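Numbering follows full-length UniProt numbering, with no gaps: position 259 of the sequence shown is 259.
Don't be surprised by glycine CBs; every beta carbon is placed ideally from N, CA and C.
As the structure is a computational prediction, the values presented were derived from the model and not from experiment.
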Amino acid sequence: MPILVRSTNKKTIPLSAYKKVPLTLLALVLAIPLAAQKKNQSFQLNIHKTTATIVIDGIGNDMAWQDTDVASDFYMVLPMDTGMANEPSEIRMTYDENNLYLLATFYNATKGPYYVESLRRDFSFGKNDNFLLFLDPFNNQTTGYSFGSNAAGAQWDGTMHSGGSVDLNWDSKWISAVTSDEEKWVFEMAIPFKSIRYEDGVTEWGINFSRLDLKSGEKSSWTPIPRQFPTASLAYTGTLVWDSPPPSPKTNFSVIPYVLGGISEDLENNTDTQYDKKIGGDVKFSLSTSLNLDLTVNPDFSQVEVDRQVTNLDRFELFFPEKRQFFLENGDLFANFGYATIRPFFSRRIGLGVPIRAGARVSGNLNKKWRLGLMDMQTASIDETGLPSQNFGVLSLQRKVFARSSIGLMFVNKESFNYPQDTDSLRTVFPKFNRNVGLEYNLASANNQWTGKAFFLKSFAPNKNGSGISQAAHLEYKSRKWNWKVQEESVEDDYTAEVGFVPRNGYVNVTSYIGHLFFPKKSTILSHGPKFSTSYFFNERLEHTDNINLMEYLFDFRDRSKLNLGVTDEYVELLSPFDPTRSGKELLDIGTKHHWNAYTIDFISKPQSMFTYSFGGRFGGYYLDGNRTSLISELGYRFQPFVSLSSNLSYNNINLPAPWNNTEFWLIGSEVDITFTNKLFFATLFQYNEQSKNFNLNSRFQWRYKPASDLFLVYSNNYLIEPLEGRNWALTLKFTYWFNK
Numbered sequence: 001m002p003i004l005v006r007s008t009n010k011k012t013i014p015l016s017a018y019k020k021v022p023l024t025l026l027a028l029v030l031a032i033p034l035a036a037q038k039k040n041q042s043f044q045l046n047i048h049k050t051t052a053t054i055v056i057d058g059i060g061n062d063m064a065w066q067d068t069d070v071a072s073d074f075y076m077v078l079p080m081d082t083g084m085a086n087e088p089s090e091i092r093m094t095y096d097e098n099n100l101y102l103l104a105t106f107y108n109a110t111k112g113p114y115y116v117e118s119l120r121r122d123f124s125f126g127k128n129d130n131f132l133l134f135l136d137p138f139n140n141q142t143t144g145y146s147f148g149s150n151a152a153g154a155q156w157d158g159t160m161h162s163g164g165s166v167d168l169n170w171d172s173k174w175i176s177a178v179t180s181d182e183e184k185w186v187f188e189m190a191i192p193f194k195s196i197r198y199e200d201g202v203t204e205w206g207i208n209f210s211r212l213d214l215k216s217g218e219k220s221s222w223t224p225i226p227r228q229f230p231t232a233s234l235a236y237t238g239t240l241v242w243d244s245p246p247p248s249p250k251t252n253f254s255v256i257p258y259v260l261g262g263i264s265e266d267l268e269n270n271t272d273t274q275y276d277k278k279i280g281g282d283v284k285f286s287l288s289t290s291l292n293l294d295l296t297v298n299p300d301f302s303q304v305e306v307d308r309q310v311t312n313l314d315r316f317e318l319f320f321p322e323k324r325q326f327f328l329e330n331g332d333l334f335a336n337f338g339y340a341t342i343r344p345f346f347s348r349r350i351g352l353g354v355p356i357r358a359g360a361r362v363s364g365n366l367n368k369k370w371r372l373g374l375m376d377m378q379t380a381s382i383d384e385t386g387l388p389s390q391n392f393g394v395l396s397l398q399r400k401v402f403a404r405s406s407i408g409l410m411f412v413n414k415e416s417f418n419y420p421q422d423t424d425s426l427r428t429v430f431p432k433f434n435r436n437v438g439l440e441y442n443l444a445s446a447n448n449q450w451t452g453k454a455f456f457l458k459s460f461a462p463n464k465n466g467s468g469i470s471q472a473a474h475l476e477y478k479s480r481k482w483n484w485k486v487q488e489e490s491v492e493d494d495y496t497a498e499v500g501f502v503p504r505n506g507y508v509n510v511t512s513y514i515g516h517l518f519f520p521k522k523s524t525i526l527s528h529g530p531k532f533s534t535s536y537f538f539n540e541r542l543e544h545t546d547n548i549n550l551m552e553y554l555f556d557f558r559d560r561s562k563l564n565l566g567v568t569d570e571y572v573e574l575l576s577p578f579d580p581t582r583s584g585k586e587l588l589d590i591g592t593k594h595h596w597n598a599y600t601i602d603f604i605s606k607p608q609s610m611f612t613y614s615f616g617g618r619f620g621g622y623y624l625d626g627n628r629t630s631l632i633s634e635l636g637y638r639f640q641p642f643v644s645l646s647s648n649l650s651y652n653n654i655n656l657p658a659p660w661n662n663t664e665f666w667l668i669g670s671e672v673d674i675t676f677t678n679k680l681f682f683a684t685l686f687q688y689n690e691q692s693k694n695f696n697l698n699s700r701f702q703w704r705y706k707p708a709s710d711l712f713l714v715y716s717n718n719y720l721i722e723p724l725e726g727r728n729w730a731l732t733l734k735f736t737y738w739f740n741k
């Protein structure tokens, strides 16, 4: 078995040498040319006002479309970005006092069926023939909106942030229609101006259009975009030129109440059957053309999809994403500060097993350069556990600098009061307060090839144990053939973020990777190449504690399937007791040292097939010179566009010396997703986790009877297999209605 270069000896690195790392990264960041003209500024589409009536029917024969400019001659992005698209596309746009209109026609140079996953909103991009519109109303190349549809008419909408990321959790009121035949498919839409935010009086917006055609394997864009970047990249948008400023946005006021009835039973705790009746809702109010106020009273999230269960063999807490609607609009202002494992704010910490009484949030753009996020949430107290009432306040302020970079400030405050029993022990378990303040610089060059980040965080608590510092920085480069990244981070042992996600404390980490791609001509392989990544951890005395080195070889095929092969080298010195099976067996001692190698394989099939699959494996060593074999697989079949079936399997076999011996467990999940129409949905998710001895069933029926207004019927059933009587279930009927003024 090949062994990669490693070091298992403790070596103390001079602290002065380490402190130069972030300064070096910052010097590299500041040395990069940042201010430059917008890359595709010359690509302009003129939009003119219409007085004619437009019927949104997906036919596009209204008179208003006859006098519009046409965006055509799309550029190929994938498989290669070296020429014009083979699949012809045409985009027309116009507007009136109330709506922005778009008509898109996609001709089929390659004959064959359309590929769609389902009629469900916010579909998976890579599994559908689709069209996407990217709007940058502030023309700042960092924030905006995305709208679109797949070839069967399923809608897509989301907010854009960080220069090219789309948050699909945002839903707004707009209408669209699709028609298709063998020669073409046509998409027509109307977006009410009051559904989006933009600066009053401005006559130029950033804009781009993207098409994915799976039968030809081609992704194309109106403006040229290098293949290493998504077509959502706002650095490469063209310009929408208005004949006069769009209508001044009127005050937008929405009330979204809900009523709920439910029944539940908790046999695990032998409680009586509970009958639930709740009333609450949200209010949305536009404070300005680009700033929104959101209020929520007695919110309920019973219709939110359950988390996908995972096998956990990691030493640290796992991350599960936020899915509650109130926290998601402009969520990047709050959730993207720091790194994935150093977040000063993570909204899932709010309302964890405790009712949320009310909340308020102000978020959006103050102008072209400034963005603001302000949130306040109030939870109830729980007498049984002694949990006090808690208030969560968050301030996020962001200013654009140079071409596409930004500087950010964040302040997070968690305050406890009204303790059910005001004792010293309760104040130890539930501290009076925890606060975080931080500064962050986000780098994004004009052409998007250079990106990076540097941030500093300080926590405050009633005692020294909770008051510490965290800081990190990285620099990343991407071109067609080369990509590399170098990153450093440190988290003091005393740093605390009770409203954040920081699974590990008391460490210094240095991480890097480098990769290269080759592009063979006239081959079934589109690209292939090596990638080497490494991550080394040290304690606060800068003594080596663990590392992982990974050598991979990556293959991308022209049919959009992928294959990755790898070999890893890992070393761990345990800093706390740990059960390597995470199944309730003996713990390994602090200070024990472990080293192993393993092989990995991952394959994803082409998305054009009705039957899709992926599989992966990890084979090799583990703790105590043992052995671990892990296999994962995901299978899918669709009867497009109405039914999608999927299942995922995970198997782990761990062989260690006594007393652990042999441990094996399965994770099985299966989902049936039925989209009767683009307004009527039914989904059932079944999950069985042998590691946590848990069985879960969740079924959800949704009727979107009007835009953004829904009726939900949700059934959930959760078993703890040992003991078998550990069971709870619930049935909920929820009705929401969006009143808009």
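Is it buried or exposed for residue i, if we count other Cβ within 10 angstroms and need 16 for buried?
i           : result
W450        : buried
F301        : exposed
E305        : exposed
residue 745 : Outside the shown range of the chain, which is 1 to 741, sits residue 745, and nothing can be said about it.
E489        : buried
E182        : exposed
P230        : buried
F187        : buried
N541        : Note that residue 541 is Arg in the sequence shown, not Asn. R541 comes out exposed.
A658        : exposed
R399        : exposed
N442        : buried
Between the Cα of residue i and the Cα atoms of the options, which residue gives the shortest distance?
i    : options                : result
S405 : M375, N448, N627       : N448
Q687 : V508, V437, F676, D307 : D307
T581 : N99, D96, S479, R315   : R315
I721 : S692, V714, Y705, R700 : S692
E586 : T289, D62, F615, W660  : W660
V499 : N413, R700, F43        : N413
K706 : N689, W738, Y715       : W738
M551 : K432, G452, S512, L697 : S512
Do residue j and residue i come within 7 Å of each other at the CB atom, strictly closer than that value?
i           : j    : result
L426        : G466 : no
F327        : F345 : no
K194        : N252 : yes
F642        : T629 : no
G153        : L168 : no
residue 742 : F455 : Outside the displayed range of the chain (1 to 741) lies residue 742, so it cannot be described from this structure.
I469        : E440 : no
F665        : N652 : yes
Y107        : P88  : yes
I need the straight-line Cα distance from residue i to residue j, nearest angstrom please.
i    : j    : result
I514 : V508 : 21 Å
I299 : D282 : What sits at residue 299 in the sequence shown is Pro, not Ile. Each residue's alpha carbon lies about 8 Å from the other.
P224 : F74  : 8 Å
Y419 : S389 : 7 Å
K184 : T105 : 7 Å
D272 : V259 : 23 Å
S347 : T82  : 43 Å
T239 : Q41  : 6 Å
T423 : I279 : 35 Å
A730 : D276 : 10 Å
G331 : D625 : 44 Å
Q608 : N130 : 13 Å
S146 : F134 : 5 Å
S286 : M375 : 16 Å
I54  : P245 : 21 Å
V354 : G58  : 47 Å
By Cβ distance, which residues of its chain are closer than 6 Å to residue i, with the 5 residues on each side in sequence left out?
i    : result
L517 : K481, S527, G529
F735 : V259, L711
N46  : D69, V241
S650 : T311, I632, L667
Y553 : P530, L565
N128 : V116, E117, N150
I350 : M377, F392
Just checking: is the beta-carbon of residue i within a distance shorter than 7 Å of some beta-carbon in chain D?
i    : result
N312 : Checking the listed chains, one finds no chain D in this structure; it contains a single protein chain.
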